[in-house]
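Its first residue numbered 72, the sequence shown is counted upward by one per residue in the working numbering.
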Amino acid sequence: MKKPLNFVLIGRSGCGKGTQAELLIERFGNFCHISTGDLFRDLSKQGTDTAIKVKKVVESGGLPIDDLATTLWMHEIAYKVMEDQGIMADGFPRRINEAKSLDKFLEFLERKENTYFILIDISRQEAFGRLTKRRICKQCGELIPWVGEFKNIKACPKCQGELVSRMDDKPEAIESRLNYFDQIVSEVIEYYKEQGKLITVNGEQPIEDVFKDILKAIKA
């Protein structure tokens, strides 16, 4: 059986990874969409000792310990991804150790050759502007980016709920996440560049043009 396509989406917070993941899923079909940001936010609601600590770290714009992030997405892949299903990795790996662990896991699953590593590239200034303005639905949790037609949305398009700022989108927390990207995630980007695997697209274009560039790069 031929293994399905897999995508690893990397980029600064606010670059549109989630939006492009949804478009890729619409285009290619059967994927398990795994976002470490969502996993940590869900964990922070559980009330456990770990959850309380994670909540404090996430709200300050930081990232919990390396092994916890790896454990969460490995668990999701191991328990949820079916043989005929693609993996949509949204926002991980963020550290060199994670990247190496993901490589080993993809090799174990015989999926590495069918995986695209895509950097959606936006400047730090663009990222900060988007993150300070983006909103989330207070009722259902739908995230509304501050790009294109989404800027004109007054209520949640899914449930008509009230749109508010996300708790971890305070300026100081945003700066912390952007610093982390420049200092740590940039090493992951170089890792994939050195392997000749990285596809870079301009994320400061309209959403549909970013998507077209991704399809062109993967020759779809």
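Ideal Cβ placement from N, Cα and C applies to all residues, glycine included.
K264 classed as buried or exposed, judged by whether at least 16 other C-beta atoms fall within 10 angstroms = exposed
message = Taking the beta carbon of E169 as the centre, do at least 16 other beta carbons fall within 10 Å, making it buried, or is it exposed?
response = buried
ask   = With respect to the beta strand (DSSP E) encompassing D161, which residues constitute its N-terminal and C-terminal limits?
value = G157 to D161
query = Between the stretch 84-92 and the stretch 215-222, are three or more C-beta pairs nearer than 8 Å?
reply = yes
key: For N77, the three-state DSSP class (helix, strand or coil)   = strand
inquiry  = If contacts are defined as beta-carbon pairs under 8 Å, then I158 and N77 qualify, I think. What distance do you get, rounded to the angstrom?
reply    = 4 Å
ask   = What are the start and end residues of the alpha helix (DSSP H) that includes L143?
value = D137 to K151
request  = Indicate the three-state DSSP secondary structure (helix, strand or coil) for N250 in the structure shown.
outcome  = helix
task = Could you pull out every residue in the same chain whose Cβ sits closer than 6 Å to the Cβ of H104, ignoring the five residues on either side in sequence?
result = A92 and M159
request  = Just grab the DSSP bridge partners of V281 for me.
outcome  = Partner(s): none; V281 has no beta bridge.
message = Nearest by alpha-carbon distance to T271: which of I81, K73 and P75 is it?
response = I81
request  = Pick out whichever of G200, L114, F179 and D174 has its Cα sitting closest to the Cα of F188.
outcome  = D174
message = Counting only C-beta atoms, is S194 closer than 7 Å to chain D at any point?
response = You won't find chain D in this structure, because it holds only one protein chain.
query = Do you know offhand how far M238's Cα is from Q276's?
reply = 27 Å
key: 7 Å Cβ shell around V152 - same chain, five flanking residues per side excluded   = C103 and I158
key: Cβ neighbour criterion (16 or more within 10 Å) applied to A198   = buried
task = Under the assumption that R83 contacts R165 (Cβ atoms under 8 Å), give the Cβ distance between them as a whole number of angstroms.
result = Not quite, the Cβ-Cβ distance comes to about 11 Å (not below 8 Å), so this is no contact.
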